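Structure first, then comments.
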Amino acid sequence: MVILIKQSSGIKSSEITPKSIYLNRRRFMQRSLAGSVLLGMNAMLPAWAKPWEGIANSAFSTSEKPNTLEAITTYNNFYEFGTGKSDPSKNARNFTPRPWSIAVEGECARPGVFDLEDFIKSETIEERIYRLRCVEGWSMVIPWAGFSLADMLKKFEPTSKAKFVEFTTLFDKSRMPGQERRVLNWPYVEGLRIDEAMNELPIMAVGLYGDVLPNQNGAPIRLVVPWKYGFKSIKSIVKIRFTETQPSTTWNIAAPREYGFYSNVNPAVDHPRWSQAKETRIGEPFWKPKHKTLMFNGYGEQVAKLYEGMDLKKFF
Amino acid sequence: MKSEGLTSIKSIAKSHTFQFFIMSSPSSTTISFIIKPVVFLACLLPFVMLVYAAFMGSLGVNPVETLTLETGSWALRFLLITLSVTPLRMITGQSWLIKLRRMLGLFAFFYVSLHFTTYIWFDQYFDWAAIVKDIPKRPFITVGFSAFVLLIPLVLTSTNKMMRRLKRNWTKLHSLVYVIAVLGVLHFLWLVKADTREPLIYAGILLVLLGYRAYQQRFVKSR
Ligand code: HEM
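In structure tokens, the structure reads:
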């Protein structure tokens, strides 16, 4: 999304504005338009570049065709910005995900509060094109830019007591207007078992389509766990906590019979109110049949081993 | 200025057009040839807009969801509109409004049918085995389906002939529409994930309509 300042005369603003100001202005507009910024990173890059353009594509990426940027950024479940699917794209427009810090707490040797830039500067950002299956029965293919959750967590040296990892979203009504209404128990909390978190698939995403992560998709940093229903992939994270006991997670608190702690994509275990056997692939003609939902959203090869011997009907 | 304004308001109130809308009943010719066709076209508008959007590819990111939600919402709205005809008639004294009730009720059925068709076609893709399993399994579908099935006898007995033939039983049979509306609201309440605001608004409207009815029955028996 490179912003060109079009003038009606056809003269580029670069021709009438000193270059440094022009570049700064463009950089500023890019930031405000994309709605998010990674200051330190961005300054090192040419102003016209998308920050994550040209990063390596991960071996875990699917070869399926990604959804359009428009679909990915206008059809969101992000109740912090409203409960309608198009609410986040409208209500998150003025959200400024900066400055941003992340607190790391709990059962680990190196807790602390980190600036976002410091938090991600030593990570290898790559493109991961993942399927996303929403618990509501639709799915997309999304080209995230992000880094391995496991690699990041290891740097904080979790202790042997760290059995789970808990993530928390920002709680700030003035910036997230959807939090004015208690449709959910704010702040949003999600969690993973430590071995799930240490699997090679989960990532912390900081970008989309080679650009910064749009606000409505969970700027500036979010979790992506591709074999679980979308609500597990918590957005706009401000806190990561290693715990000994299983965290209480938001949707599980809201409706324990409907949204389990695990919430692995599983066509054989229906939601109490609807079937999970099939899914609507966003972007495909609506008059065509739906896709069959795959066990673990098709990521069984990497994750089935995590649940060996577990009754997935009981631990849904 | 002020008194002038007042006089002009008074003159509007006395004027022919205003009287036409508020005080007197339109002639049966006006009803048949102007009011009914206009209401008919207005009721068809949501359908026309959906078909147009479908052909223009502008049903949004998830078209099946849009179709389901739009047809479902219009079905419920028309049910509630139909239910408000009698209270409206009593409050305004415009008894001719009753002549629109059948059309409004049939439109409710029309939109439920579209809603059901969307489910059978685009949601389940004619997978009858899955449909037969799904209807009793998902409580909100069971409730919606019951409402749909209950509407069918009302549609079949909506003609003047049936009305005459069934006499008092007709009124009894057609009071089923209250049950249907309650089921429709329940269906909606049951399907939302966490935000119950919208279905609760419909529930509130229905409660007022039911309350009015109950009040009439209890205290103003003669009607
Ligand atoms: C009188 C009958 C019915 C009424 C008034 C009705 C009304 C509604 C309403 C108001 C909604 C929600 C719209 C929204 O969220 O904006 C809805 C959704 C839905 N209805 Fe119905 N409905 C009826 C019958 C049925 C039947 C017979 C079926 C299928 C067998 C059905 C299946 C559905 C489905 C699948 C949804 C969408 C659920 C979702 O997106 O999660 N409904 N309906």
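Protein chains in written order, with my numbering: chain Z, 232 to 547; chain B, 12 to 234.
We put the CB at the ideal spot given by N, CA and C, even for glycine.
Please read these numbers as outputs of a predicted model, since none were measured by experiment.
First through last residue of the alpha helix (DSSP H) which encompasses G222 of chain B: From DSSP, the alpha helix (DSSP H) with G222 of chain B extends over R208 to F230.
Near the ligand HEM: L162 of chain B beta-carbon under 7 Å from a heavy atom: Checking every heavy atom of the ligand HEM against the Cβ of L162 of chain B, one is found closer than 7 Å.
Integer Cβ distance of L380 of chain Z from A428 of chain Z, believed to fall under 8 Å: Confirmed, Cβ separation roughly 6 Å.
Chain-ordered neighbours of L165 of chain B on chain A, where CB pairs are closer than 7 Å: No chain A appears in the structure shown, which is made up of the protein chains Z and B.
Residue burial classification, A323 of chain Z (beta-carbon count within 10 angstroms, cutoff 16): buried
Rounded separation between D403 of chain Z and Q410 of chain Z - CA only: As the crow flies, the alpha-carbon of D403 of chain Z is around 7 Å from that of Q410 of chain Z.
8 Å Cβ cutoff, S494 of chain Z in contact with chain B: no
The stretch 194 to 202 of chain B / the stretch 464 to 482 of chain Z touching (three or more Cβ pairs under 8 Å): no
T482 of chain Z - containing alpha helix (DSSP H), residue span: Before going on, a small fix: residue 482 of chain Z reads as Trp here, not Thr. Looking at the DSSP string, the run of the alpha helix (DSSP H) that includes W482 of chain Z is T481 to A485.
Inter-residue Cα distance where the pair is I468 of chain Z and R453 of chain Z: 6 Å
Helix, strand or coil at V548 of chain Z according to DSSP, with G and I counted as helix: Since the first and last residues shown for chain Z are 232 and 547, residue 548 of chain Z lies out of range.
Where V231 of chain B falls, given that 16 or more other Cβ within 10 Å makes a residue buried: exposed
Whether L165 of chain B touches L200 of chain B by CB criterion (8 Å): Their beta carbons are not under 8 Å apart, which means L165 of chain B does not touch L200 of chain B by this criterion.
Burial state of M383 of chain Z, where buried means 16 or more other Cβ atoms lie within 10 Å: M383 of chain Z is buried by the Cβ-count criterion.
Beta-carbon contacts of L217 of chain B that lie in its chain and below 6 Å, excluding the five residues immediately before and after: A192 and V196
6 Å Cβ shell around G116 of chain B - same chain, five flanking residues per side excluded: T93
Reduced DSSP category for L70 of chain B - H, G, I as helix; E, B as strand; rest coil: coil
A65 of chain B (DSSP reduced to helix, strand or coil): Note: A65 of chain B maps to helix in three-state DSSP.
Three or more C-beta pairs below 8 Å linking the stretch 512 to 526 of chain Z and the stretch 431 to 442 of chain Z: no
Cβ of W458 of chain Z within 8 Å of any chain B Cβ: no
For G155 of chain B, the three-state DSSP class (helix, strand or coil): helix
Separation of H185 of chain B from R149 of chain B, as counted between CA atoms: 27 Å
Close beta carbons around L276 of chain Z, own chain, < 7 Å, minus the five adjacent residues each side: At L276 of chain Z the pLDDT is 47, less than 50, meaning the model places this residue with poor confidence; the figure from the coordinates comes in the next sentence. These residues qualify, in order along the chain: P282.
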